[in-house]
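Participant: Starting off with a structure, shown below.
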Amino acid sequence: MNLTVFLQNVLNGLSIGSIYAIFALGYTLVFSILGIINFAHGAVFTLGAYFTYMLMGNAFGFNGLLANLALPIRLPFVLALFFGSIAAGLVSVLIERLAFCPLRRKKADSLLTVVSSLGVAVVIVNLIQYLVGAEIYTFPPDTYGTLPPAINFGTEANPIPIRSVQVVIFVVSGVIVSLLTYLINATKYGKAMRAVAEDPTTASLLGIDPDRFIVLTFFVSGFLGGLAGTLVGSSVSIAGPYFGIGFGLKGLAVIVLGGLGSIPGAVVGGLTIGLVEAFVPGDYSAYKDAVAFGILFIMLLVRPQGLLGRSLVQKV
Amino acid sequence: MNDFVSTYGFLFVSMILGAMLGLSLYLPLMAGQLSLASPGFYALGGYVAAILSTKVFQVKEPFPIALLLLEMLIAGIICGLLGVIVGVPALRLRGIYLAIATIAFVEILRVLALNLDVTGGAVGIFGIPQPFQSPIEYLWIVLPLLLISMAFVYRLEKIRVGRAFIAIREDELAADSMGINPTYYKALAFTLGAILAGVVGAISAHFLNTWNARQGTFDASIIYLTFVLIGGSRTFLGPVLGGMVFTALPEILRAIADTPGLPVWLAQFLRDGRLIIFGLLIVIGTRFFPQGLVTPQLLKRRSRSQANR
Numbered sequence: 000m001n002l003t004v005f006l007q008n009v010l011n012g013l014s015i016g017s018i019y020a021i022f023a024l025g026y027t028l029v030f031s032i033l034g035i036i037n038f039a040h041g042a043v044f045t046l047g048a049y050f051t052y053m054l055m056g057n058a059f060g061f062n063g064l065l066a067n068l069a070l071p072i073r074l075p076f077v078l079a080l081f082f083g084s085i086a087a088g089l090v091s092v093l094i095e096r097l098a099f100c101p102l103r104r105k106k107a108d109s110l111l112t113v114v115s116s117l118g119v120a121v122v123i124v125n126l127i128q129y130l131v132g133a134e135i136y137t138f139p140p141d142t143y144g145t146l147p148p149a150i151n152f153g154t155e156a157n158p159i160p161i162r163s164v165q166v167v168i169f170v171v172s173g174v175i176v177s178l179l180t181y182l183i184n185a186t187k188y189g190k191a192m193r194a195v196a197e198d199p200t201t202a203s204l205l206g207i208d209p210d211r212f213i214v215l216t217f218f219v220s221g222f223l224g225g226l227a228g229t230l231v232g233s234s235v236s237i238a239g240p241y242f243g244i245g246f247g248l249k250g251l252a253v254i255v256l257g258g259l260g261s262i263p264g265a266v267v268g269g270l271t272i273g274l275v276e277a278f279v280p281g282d283y284s285a286y287k288d289a290v291a292f293g294i295l296f297i298m299l300l301v302r303p304q305g306l307l308g309r310s311l312v313q314k315v
Numbered sequence: 000m001n002d003f004v005s006t007y008g009f010l011f012v013s014m015i016l017g018a019m020l021g022l023s024l025y026l027p028l029m030a031g032q033l034s035l036a037s038p039g040f041y042a043l044g045g046y047v048a049a050i051l052s053t054k055v056f057q058v059k060e061p062f063p064i065a066l067l068l069l070e071m072l073i074a075g076i077i078c079g080l081l082g083v084i085v086g087v088p089a090l091r092l093r094g095i096y097l098a099i100a101t102i103a104f105v106e107i108l109r110v111l112a113l114n115l116d117v118t119g120g121a122v123g124i125f126g127i128p129q130p131f132q133s134p135i136e137y138l139w140i141v142l143p144l145l146l147i148s149m150a151f152v153y154r155l156e157k158i159r160v161g162r163a164f165i166a167i168r169e170d171e172l173a174a175d176s177m178g179i180n181p182t183y184y185k186a187l188a189f190t191l192g193a194i195l196a197g198v199v200g201a202i203s204a205h206f207l208n209t210w211n212a213r214q215g216t217f218d219a220s221i222i223y224l225t226f227v228l229i230g231g232s233r234t235f236l237g238p239v240l241g242g243m244v245f246t247a248l249p250e251i252l253r254a255i256a257d258t259p260g261l262p263v264w265l266a267q268f269l270r271d272g273r274l275i276i277f278g279l280l281i282v283i284g285t286r287f288f289p290q291g292l293v294t295p296q297l298l299k300r301r302s303r304s305q306a307n308r
């Protein structure tokens, strides 16, 4: 394997890995605060991609109730990405209010909440199919404005071309991860959020309203999910309403590898899985998906708390 | 009558298969383990039957019933062995970790089925020989099997093993300190579910005539889970009824959509939006019927009111 191919594999791995990381951060934030896995996160990811697609003024196909619909506005990519992700965040808050909050009030078994989130995922995926059909939507080639399809980072004689999409992904994910780290570690909101995650009862005694921060967490989580969805959708395509479900399962591998509920863990896990997948030889690329789940399965047996998670202590 | 049988024969058999798949998920749940591995074992059992009947046995149709029973046995044994191999290490995990591990297991099996030569790759296996003339005749196999598995689970709930399962479900630590070995009983419950799912898969492969990687997916996990959780997760009648009703649900919705006088949009929604309704039922069910529709209390109340009469 020569150096150029190696570098390209690394870059491919890091770019898909950073999308995994952003997506998994959404999972892990909710897990850290509520101790549950929100299976509807994959569906929110899908929704984010469709929202951005719509906000850029692209038209839908001829299937479903909203056939041939196109919004009269045409936002540039960055704005559409921002508002699409906000819309995904709002959907996530709606899911929290309708499916999670009532169960939490009743102090229901956490497995029931997991099942409820599965139900929400089924509803969203099929609602998308009902509204806009199951076909693949591709973002138009001029999505990223005037950026050329690839940028050369090597010399004229020894070119290392990188797809501009990957540059966009790096920039966006770098900004997001730093903003999130700042929000959680350096602001009052982040402190309160961590307090609620640690112990909601004590936090409420100290004058923090846990409900407000749970809603905030779901918003951030949905925002990150929608953002990741748009990045995948715009760099490859929106492969129908189900495309978030497979990605959502991959996200499970990421958070378990990094450690459930750990924020640096989600980033490390995402980049690791992305890199490992990028180095699966071409002949075996069909088994790529099995690799992530194999890692997940072995990790659960060997070290269920993940690379950076806290060890599991069972309280009686 | 003949018309009725030929129209709904396929549905009846599917409903009974659904009931057994519900039971296969209920068995680990009896010991408090949320396992989503049933579709994986179901797919594996189907592949065992499909490969044996198309590549190994090489007999003309009608396919002998003795061979079908043999395939069910082999599928059950293979799934049982794999159940032990996967179950023993995986069942040290609790709650959500176990659910994730079983999801990973199902996905690995799916990717393998999609890429191996012996499973026919993405196309799958076609022309699996038929032991019967019409779908309804499968009842000769599935109905006794359902009754046997129901009787088995009913007995299981009464004896020591089943009580150990339930003790673990209620409080694993307490059960452990009472001298019940949780890992042993959890692996047993998991393996029993795996065997049942594998046997059902072997029948389904013949019944559906074709088998491919779409048979055991994450979607299927959610659907089987609905059978159990909405049907009722505290008594074996719950998953049986849940499996039957939810398998028939698309047909029921279609029948409702055909009633004259409905607004066009509603009829269309009932026809095409059945999975939306499915998902909504899961969300509503977990909120208002956390133990499912058929609960032990409900059964007890019924038998008491009958005794008073």
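Protein sequence lines, in the order shown, are assigned to chains A and B.
Residue numbering for the first sequence follows numbering that gives the first Met the number 0, starting at 0 and increasing by one per position.
Residue numbering for the second sequence follows numbering that gives the first Met the number 0, starting at 0 and increasing by one per position.
Every residue gets a Cβ at the ideal spot worked out from N, C-alpha and C, and that includes glycine.
1) Taking three-plus beta-carbon pairs below 8 Å as touching, is the region 125-140 of chain B in contact with the region 10-19 of chain B?
2) For my contact list, LEU13/A and LEU270/A are in at a C-beta cut-off of 8 Å; report their separation, rounded to the angstrom.
3) For LEU256/A, I'd like the list of residues in its chain whose CB is within less than 7 Å of its CB, leaving aside the five on either flank, ordered along the chain.
4) Below 8 Å on C-beta distance, what does ASN114/B contact in chain A?
5) Excluding the five sequence neighbours on either side, which residues of its own chain have a C-beta within less than 7 Å of the C-beta of TYR329/A, listed in chain order?
6) Between the Cα of ALA30/B and the Cα atoms of ILE77/B, VAL85/B, GLY161/B and ILE64/B, which residue gives the shortest distance?
7) Is PHE296/A close to chain B, meaning its C-beta is less than 8 Å from at least one C-beta of that chain?
8) Between which two residues does the beta strand (DSSP E) containing ILE175/A stretch?
9) Using a Cβ cut-off of 8 Å (strictly closer), state whether PRO160/A contacts chain B.
10) Look up TYR143/A in the DSSP assignment and say whether it is helix, strand or coil.
11) Using 8 Å as the cut-off, can you tell me whether the region 181-188 of chain B makes contact with the region 69-76 of chain A, which would need three or more C-beta pairs spanning the two stretches below that distance?
12) Taking only beta carbons into account, state which residues of the region 271-301 of chain B come closer than 7 Å to chain A, listed in chain order.
13) For ALA69/A, count the other beta carbons within 10 Å of its own beta carbon; 16 or more makes it buried, fewer makes it exposed. Which is it?
14) Among GLY260/B, GLY44/B, ILE95/B and ALA174/B, which has the Cα closest to the Cα of LEU69/B?
15) Got a sec? Which residues, its chain only, sit under 7 Å from VAL117/B by beta carbon, not counting five neighbours each side?
16) Which bits of chain B does SER115/A rub up against, with CB to CB less than 8 Å?
17) Of all Cβ atoms in chain A, is any one closer than 8 Å to the Cβ of VAL110/B?
18) Less than 7 Å separating the Cβ of VAL90/A from some heavy atom of the ligand ATP?
19) If you follow the beta strand (DSSP E) that ILE150/A is in, where does it begin and where does it stop?
20) Ends of the alpha helix (DSSP H) at LYS249/A?
21) Could you give the uninterrupted runs of the alpha helix (DSSP H) lying entirely in the region 212-271 of chain B, keeping only those of 4 residues or more?
22) Just list the residues that DSSP pairs ILE237/A with in beta bridges.
23) How about LEU226/A: is its C-beta nearer than 8 Å to some C-beta of chain B?
24) Check whether the Cβ atoms of LEU352/B and LEU108/B lie closer than 8 Å to each other.
25) Leaving out five residues on either side along the sequence, give the residues of the same chain with a beta carbon under 6 Å from the beta carbon of SER116/A.
26) Name the chain B residues that come within less than 7 Å of TYR49/A, Cβ to Cβ?
27) Looking only at DSSP bridge pairs, what is PRO160/A linked to?
28) Taking C-alpha atoms, which residue in THR216/B, GLU250/B, GLY231/B and GLN296/B lies nearest to ALA370/B?
29) Do the region 75-94 of chain A and the region 221-230 of chain A make contact, defined as three or more Cβ pairs closer than 8 Å?
30) For ALA98/A, go through chain B and note every residue whose CB falls closer than 9 Å to its CB, in chain order.
31) Indicate whether at least one CB of chain A lies closer than 8 Å to the CB of ALA100/B.
32) Any beta carbon from chain B within less than 8 Å of GLY293/A's own beta carbon?
33) In terms of residues, what are the limits of the alpha helix (DSSP H) holding LYS157/B?
34) The alpha helix (DSSP H) that contains GLY94/B, what's its start and end?
35) With C-beta atoms as the reference, is TRP210/B less than 8 Å away from ALA219/B?
36) Since VAL290/A and VAL301/A should fall inside the 8 Å C-beta cutoff, what is the C-beta to C-beta distance between them, to a whole number of angstroms?
Facilitator: Quick look at the numbers:
1) yes
2) Numbered from 1 along the first sequence, position 14 holds the residue referred to as residue 13/A. Numbered from 1 along the first sequence, position 271 holds the residue referred to as residue 270/A. At roughly 6 Å, the Cβ-Cβ gap stays under 8 Å, so LEU13/A and LEU270/A are in contact.
3) Taking the first sequence and counting its residues from 1, one reaches residue 256/A at position 257. Contacts found: GLY268, THR271, ILE272, ILE294, LEU295, MET298, GLY305 and LEU306.
4) Along the second sequence, one-based indexing puts residue 114/B at 115. Residues of chain A passing the Cβ test: ALA285 and TYR286.
5) An answer regarding residue 329/A cannot be provided, because it is not within the stretch 0 to 315 covered by chain A.
6) As a position in the second sequence, residue 30/B is number 31, starting the count at 1. Ranking the options by Cα distance to ALA30/B, first place goes to GLY161/B.
7) Within the first sequence, numbered from 1, the residue matching residue 296/A stands at position 297. Yes - at least one Cβ of chain B is within 8 Å of the one on PHE296/A.
8) Locating residue 175/A in the first sequence gives position 176, where the first residue counts as 1. Taken as a continuous stretch (DSSP letters only), ILE175/A belongs to no beta strand (DSSP E), being part of the alpha helix (DSSP H) at 163-185.
9) One-based indexing of the first sequence puts residue 160/A at position 161. Not an interface residue.
10) One-based indexing of the first sequence puts residue 143/A at position 144. Correct three-state label for TYR143/A: coil.
11) no
12) ASP271, GLY272, LEU274, ILE275, PHE277, GLY278, LEU279, ILE281, VAL282, THR285, ARG286 and PRO289
13) Taking the first sequence and counting its residues from 1, one reaches residue 69/A at position 70. That one is exposed.
14) Start at 1 with the first residue of the second sequence, and residue 69/B comes out as number 70. Cα-wise, what sits closest to LEU69/B is GLY44/B.
15) Reading the second sequence from its first residue, position 118 is the one you call residue 117/B. The residues are ILE50.
16) Here residue 115/A corresponds to residue number 116 of the first sequence, with the count starting at 1. Under the 8 Å cutoff, chain B gives ILE281, VAL282, THR285 and ARG286.
17) What you label residue 110/B is simply residue 111 of the second sequence in a count that begins at 1. Output row for VAL110/B: interface = yes.
18) You won't find the ligand ATP in this model; it holds no ligand whatsoever.
19) Taking the first residue of the first sequence as position 1, residue 150/A is located at position 151. Counting along the chain, the beta strand (DSSP E) containing ILE150/A begins and ends at 149-151.
20) Numbered from 1 along the first sequence, position 250 holds the residue referred to as residue 249/A. Taken as a continuous stretch (DSSP letters only), the alpha helix (DSSP H) holding LYS249/A covers 242-257.
21) 217-230, 236-256 and 263-271
22) On the first sequence, residue 237/A is found 238 positions in, with the first residue counted as 1. Note: ILE237/A sits in a beta bridge opposite TYR136/A.
23) Counting from 1 along the first sequence, the entry for residue 226/A is found at position 227. Chain B contact via Cβ: absent.
24) For residue 352/B there is no data in the structure shown, the boundaries of chain B being 0 and 308.
25) Numbered from 1 along the first sequence, position 117 holds the residue referred to as residue 116/A. Hits under 6 Å: ASN37, PHE38 and ALA39.
26) Counted from its first residue, the first sequence places residue 49/A at position 50. What TYR49/A touches in chain B: nothing, since even the nearest Cβ is about 16 Å away.
27) The residue you call residue 160/A lines up with position 161 of the first sequence. Beta-bridge pairing links PRO160/A to ASN151/A.
28) Not covered by the structure: residue 370/B. The range shown for chain B is 0 to 308.
29) yes
30) By one-based count along the first sequence, residue 98/A stands at place 99. Result: VAL282, THR285 and ARG286.
31) Working through the second sequence from its first residue, we reach residue 100/B at position 101. Yes - at least one Cβ of chain A is within 8 Å of the one on ALA100/B.
32) What you label residue 293/A is simply residue 294 of the first sequence in a count that begins at 1. Chain B contact via Cβ: present.
33) Start at 1 with the first residue of the second sequence, and residue 157/B comes out as number 158. Its alpha helix (DSSP H) spans residues 138-157.
34) Within the second sequence, residue 94/B is the residue found at index 95, counting from 1. From DSSP, the alpha helix (DSSP H) with GLY94/B extends over 94-114.
35) On the second sequence, position 211 is the one that residue 210/B refers to. On the second sequence, position 220 is the one that residue 219/B refers to. Against a cut-off of 8 Å, the Cβ pair of ALA219/B and TRP210/B comes out as no contact.
36) One-based indexing of the first sequence puts residue 290/A at position 291. One-based indexing of the first sequence puts residue 301/A at position 302. About 16 Å separates the two Cβ atoms, so there is no contact after all.
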